Amino acid sequence: MKPQFLIAAPHSGAGKTTVTLGIIRALRNRGLKVQPFKCGPDYLDPKLHTIASGNAGINLDRFMMDDAYIRELYSLYGSQADILVTEGVMGLFDGAVKMEGSSADLAGLLQIPIILIVNAKAMAYSVAALLLGFKLLRTDIHIAGVIFNFVEHESHYQLLKAAAEDVGMTALGFLPKNEGMQIPSRHLGLKTGMEINHEAIIEEAAAHISKHIDLDRLMRMTTVLFSAAQNIPAAPSIDIKIKSTRKILVARDEAFNFLYPENIRALAGLGELSYFSPLNDAELPAADLIYFPGGYPELYLEALSSNSVLKDSLKRYHEQDGRFLAECGGMMYLGQYIADENGRQFPMTGILPIATGMQQKRLSLGYKRVNINGTELLGHEFHYSHFIETPKQEDDIRVWNAKNEMLQTPVFKTRQVLASYLHFYFGNNIQAIEKLLFD
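The sequence shown begins at 1 in the UniProt record's numbering and counts up one residue at a time.
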């Protein structure tokens, strides 16, 4: 038995990330080991979870992972923790298709209680109808309690508390608005760069939570059977062993850092892992495969473009049959140039026959399933940049969305390169990467 719960909300913007960070840090400050998880494919929230907890934030995603693998990840990372805190995604019932893959889906799979965060700034007794609907929509999940956010004073909270109790839901307290615990947003989500003092924000959130929410009661109400005590078959991809003497090089710096810990663990099974910085390094270490993850290359165009020594080394590596795996921003870096919001072109490595730009930003997002000559990969797309000229899709590559609709999403696959706007999840499918790039 362990305290474990999923923090959800009726909709985005209710403050669940800030509340999650505050709860995680407040519990850590008590000397508890907190293991954070994130429902869905987001990279940024788990980074903040890692800062708040001191432990790696782990994604759990029912589109990109099968159920046995999710359970095994939850068990693996949660087994050494005192308490497990999972942050939901969007609204509680919002999935890729209706409720599929939603926070509610994940809570049902793991059989963990839900704490609902409600933005009650402009609400009173009518919140009862909202809470009743959330309580009754699915009977296979349990909403243990509700925290009312952005509440101005005690008398306002008493109205909300009465509404919750009248529909059989426990009110766990309220949080007044606090400007000191707001995390600004960037175009891909919450800011995670050095320009934000996350420690100060998280500590402020922890103090705010500790002052207004009874955490002891919260932990008592959410103590349930931990999945490690159940008979769960192990996912074979969890046990990673190095199979060869290959050298795997990973780009990791301020420009390229959208990395799933499980992808890195899986890559380590292909060979010896090391890192380099396209921003700061001049020399390219020896490698059999270079992995360029996504990130924010558009914020560092001048620095990336001016590092000519490294760009030349990468071109020589490619000419000598070097292998690349590149996702989103990593793919952009392998192109001819990236144009900024004003149309100014910054030359990149020139390895791929593409150019991308930030002008007229428009959001492209969603889960994707890719089949490359019989080998399947799962991932997601989330970017505001675009191809200057959309490349033609290869005949032996098929791409579908979560609704199983076929798309014209360019994926570049040669004998030595796999690149696209997609962020792939291969923690449970490293065999696909090995087959596509080493067979």
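Yeah, the Cβ is synthetic: ideal placement off N, Cα and C, and Gly gets one too.
Computed from a prediction, not measured in an experiment: that's the story for all the values here.
- If you draw a 10 Å sphere on the C-beta of T18, you find 16 or more other C-beta atoms in it, and that means buried.
- Below 8 Å, too few C-beta pairs join the region 271 to 280 and the region 43 to 63 to call them touching: fewer than three.
- Inclusion of F412 and S420 in the CB contact set at 8 Å is warranted, their separation being smaller than that value.
- Taking a C-beta distance under 8 Å as the contact criterion, I143 and I213 do not qualify as a contact pair.
- Between P41 and M219, the C-beta gap is not smaller than 8 Å, which leaves the two residues out of contact.
- In this chain, the beta strand (DSSP E) harbouring N149 covers I143 to N149.
- Rounded to whole angstroms, the separation of the alpha carbons of I388 and D166 is 57 Å.
- Look at the beta carbons and you see the region 66 to 73 not touching the region 3 to 16: under three pairs across the two are nearer than 8 Å.
- DSSP places E283 in no beta strand (DSSP E); its state is neither H nor E.
- For T170 and Q182, the gap between their C-alpha atoms comes out near 26 Å.
- The criterion of a C-beta distance shorter than 8 Å is satisfied by A206 and N29.
- Going by beta carbons, L407 and V399 fall inside the 8 Å limit.
- Inter-residue distance for G101 and N401 is about 14 Å (C-alpha atoms, whole angstroms).
- E381 is a Cβ neighbour of S364, given a cutoff of 8 Å.
- By the Cβ test, the region 335 to 352 is in contact with the region 295 to 312, since at least three Cβ pairs between them sit closer than 8 Å.
- Residues V127, F148, N149, F150, V151 and L160 of the same chain have their beta carbon placed closer than 7 Å to that of A120, with the five preceding and five following residues left out of the count.
- A direct Cα-to-Cα measurement between L334 and K435 gives close to 22 Å.
- Taking C-beta atoms under 8 Å as the contact rule, G78 and Q35 qualify, at a distance of about 5 Å.
- One alpha carbon belongs to I117, the other to E272, and they sit about 43 Å apart.
- Rounded to the nearest whole angstrom, the CA to CA distance from I209 to P391 is 50 Å.
- One Cα belongs to V85, the other to H383, and the distance between them is close to 28 Å.
- Around the CB of D105, 16 or more other CB atoms lie within 10 Å, so the residue is classed as buried.
- Taken through DSSP and simplified to helix, strand or coil, F438 comes out as helix.
- Closest option to I290, judged by alpha-carbon separation, among E302, N307, L92 and F276: F276.
- Every unbroken stretch of the alpha helix (DSSP H) spanning 4 or more residues and falling wholly within the region 321 to 372 is given here in chain order: 329 to 333.
- Taking 4 residues as the minimum length, the alpha helix (DSSP H) runs contained wholly in the region 11 to 40 are 16 to 28, in order along the chain.
- Judged by DSSP secondary structure, I51 falls within the alpha helix (DSSP H) whose first and last residues are L44 to S53.
- As a beta-bridge residue in DSSP terms, L418 pairs with L325 and K413.
- Going by beta carbons, I430 and L267 fall inside the 8 Å limit.
- Residue pairing from DSSP places I114 in a beta bridge opposite L6 and I143.
- For A128, there is no enclosing beta strand (DSSP E); the enclosing alpha helix (DSSP H) has its first and last residue at V127 to L136.
- At the C-beta level, I141 and A107 come within 8 Å of one another.
- Assignment of V89 by DSSP, reduced to helix, strand and coil, places it in the coil class.
- Ranked by Cα distance from S53, the options I372, V250 and L32 are led by L32.
- In the three-state DSSP reduction, A120 falls in the coil class, being neither helix nor strand.
- Check the Cα spacing between R265 and each of V250, E254, A255 and F256: the tightest is with V250.
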